[in-house]
Amino acid sequence: MAKDSKILVKLFKATFTLSAFTFGGGYVIVPLMRKRFVEDNRWIGEDEMLDIVAIAQSAPGVIAVNTGLLAGYRIAGVAGAFVATLATVLPPLIIISAIAMFYAAFIGNAAVSAVMKAMQAGVAAVIIDAVIKMGRSTVKGKDFKDAAIMAGCFALSYFLSINVVAIILSCAVLGAVNALIRAKKAGGRNDIP
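Here this note's numbering is used: the first residue of the sequence shown is 2, the next is one more, and so on.
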């Protein structure tokens, strides 16, 4: 039991610290969670973390909270999910409550405005780093077609503003057609003596 409580305390501290000192939203905290959980503590494998992020992204709600909940569950079960979720939600709740109390003083403060603008550059750098690292591990060992489809989907969404639902449905159709073609080729080879 002592080992479980030590992991829960360590999980709470890690997640609380990340949530308290990470500015820029879920897409900034997720790569830092990956670094802490995968590289630093080795609680989760790289591929498993990618799966957790994919599920967290597709689930309703805030990606940082979803990722914390799923990673916490993977690390320490239901108690880990509760602890990681609490540790992810608590810092923003405290900070927003403090800001709400002093909103009038913050709204016109030039120093606060300058700090927020400076943090935008840091947030952009962290997101770009995460995209490169997670994208590299996603593409590694995959077929070139998969990487081309991924880049094409990004281009369609970002540059042409095509609805993401249409892109997802198109990819589902492409995946089904690809699976049928592969199955047919595999079936054809079995007929050859």
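Just so it is clear, CB atoms sit at the ideal spot from N, CA and C, and this is done for glycine as well.
query	result
Segment contact, 8 Å Cβ cut-off, at least three pairs: the stretch 74-82 with the stretch 102-110	no
Status (buried if at least 16 other CB within 10 Å, exposed otherwise) for Phe155	exposed
Alpha carbon of Val63 to alpha carbon of Leu181, nearest angstrom	36 Å
DSSP-derived helix/strand/coil call for Asp144	coil
Neighbour-count burial assignment, Gly73, 16 or more Cβ in a 10 Å radius	buried
Whole-angstrom distance between Leu19 and Val84, CA atom to CA atom	14 Å
Reduced DSSP secondary structure (H/G/I, E/B, other) of Asn179	helix
Rounded C-alpha distance that separates Leu9 from Cys172	40 Å
Ile30 vs Val39 beta-carbon contact at 7 Å	no
Proximity below 7 Å, CB of Phe24 to CB of Met120	yes
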